[in-house]
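Start counting at 1 in the sequence shown, then tack on 12, and there's your number in the numbering used here. Just so you know, even glycine gets a beta-carbon here, dropped at the ideal spot from N, CA and C.
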Amino acid sequence: MSVGTILLIILILALIGAFPAWPYSSGWGYYPSGGIGLILIIVLILLL
13 MSVGTILLII LILALIGAFP AWPYSSGWGY YPSGGIGLIL IIVLILLL
């Protein structure tokens with residue numbers, strides 16, 4: 013596996029983990045998952 017693939021897997025897992033599913037994180041809104049999603053899109057563009 014290349015470093016880019018490992019980074020992509022880590023970012024996808026972080027995106028899933030930052031999704032506001034629990035009651036204490038519902039006040040966060042979509043800012044954490046939105047920020048990680050933006051980073052994921054940038055990495056995907058750089059890998060392609």
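Cut-off 6 Å between Cβ atoms - residues of its own chain near residue i, not counting five sequence neighbours on either side
i     : result
Leu44 : Checking the displayed sequence, the identity of residue 44 turns out to be Pro instead of Leu. Ala30.
Leu59 : Gly16
Pairwise C-alpha distance: residue j and residue i
i     : j     : result
Ile53 : Pro35 : 27 Å
Ile48 : Met13 : 22 Å
Trp40 : Gly46 : 11 Å
Leu25 : Ser38 : 19 Å
Contacting residues, own chain, Cβ-Cβ under 8 Å from residue i (five flanking each side not counted)
i     : result
Val55 : Gly16, Leu19, Leu20, Leu23
Proximal residues to residue i (C-beta, below 7 Å), its chain only, five neighbours per side dropped
i     : result
Leu27 : Ser45, Ile48, Gly49, Leu52
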